[in-house]
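Residue numbers (the UniProt record's numbering): 1 to 170.
Reading through the C-alpha cells given below for one structure.
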Amino acid sequence: MAKLSGTAEVPADFPGRLDPDEQVLSVAPCEDGSVVATHLGLWLPEGRRVGWHLISKATWGGGVLTVTEAEETRHVDGAVYLRDLRPQRLALTGESRLPDVVHERVNRSIRSRHHRDLPGGGAWFVQRKVPGRNGIELQIRPDQGTDEPALDRLVGALVESLRQSRDLPS
C-alpha cells in the first residue's frame, strides 16, 4: 500500500521501510525501481537509505543522477574518517524534481569545507549537519598517501576547538 507523506507518494512496491515521521520530499522512477528523497536521506532502489551527510557528491546529466556515497572508515577523537565508494548511476525514467532536491539537501548538510595540505598529501575537512542530531559532525576525507599520524594530531586539535565552541557534541 502506498504511503502519503510530505509532498510525494511512495510507490506500493518500494522495498524500504520509512521511519514513522519520515517526510517524503520527492520520488522518481528509475530503471531499477524508485528513488525516494526524504528529510533524512536518499533511498536507493534496493531499499537502503543513505543519509545526506554521507553523500559526497551528486551530479545530474542526461537523465542520470550519479551519487557518490561515503563510507565511514574510522573514528578519531570524535571525527569521522570517510572514503568514497564507487559512484552509483541512477537512470531516472520520469519527470521529477528529485535531482534538485538531492542537490539542495546535500549542499544544506554542509556547514563548511576546506582542504589542508599535509605531509604525503592532504585532507578535506567537512563540517556537516546530520538529520536528527544536534550540532555538527566533523568529517575527514584524506588524500591517498597522507601521513596518518600527522593528520590524527591535526584532527585532535580541531575537534578540541570545535568542542570548546560547542559545535561538536562531546
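Don't be surprised by glycine CBs; every beta carbon is placed ideally from N, CA and C.
Values in this document were obtained by computation on a predicted structure and should not be read as measured data.
Buried/exposed call for R17, threshold 16 Cβ in 10 Å: Within the sequence shown, numbered from 1, the residue matching residue 17 stands at position 17. The residue in question, R17, is exposed, as its Cβ has fewer than 16 Cβ neighbours within 10 Å.
Cutting at 6 angstroms between CB atoms, please list the residues of its own chain near W60, excluding the five before and the five after it. Position 60 of the sequence shown, counting from 1, holds the residue named residue 60. Around W60: P99.
With three or more beta-carbon pairs closer than 8 angstroms as the criterion, would you say the stretch 123-130 touches the stretch 84-101? At 8 angstroms Cβ cutoff, the stretches do not touch.
Sort out for me which residues DSSP pairs F125 with in a bridge. Walking along the sequence shown from the start, residue 125 turns up at place 125. According to DSSP, F125 bridges with H114, I140.
Cβ separation of T66 and A58, assumed to be a contact under 8 angstroms, to the nearest whole Å: Locating residue 66 in the sequence shown gives position 66, counting from the first residue. Locating residue 58 in the sequence shown gives position 58, counting from the first residue. Indeed, because the Cβ distance is near 7 angstroms, the residues count as touching under 8 angstroms.
Consult DSSP for residue 184 and reduce its assignment to one of helix, strand or coil. The shown model of the chain, from 1 to 170, leaves out residue 184, and the question about it has no answer.
What are the boundary residues of the alpha helix (DSSP H) that includes Q88? Here the question's residue 88 lines up with position 88 in the sequence shown. Element bounds for Q88: not the alpha helix (DSSP H) but the beta strand (DSSP E), 88-91.
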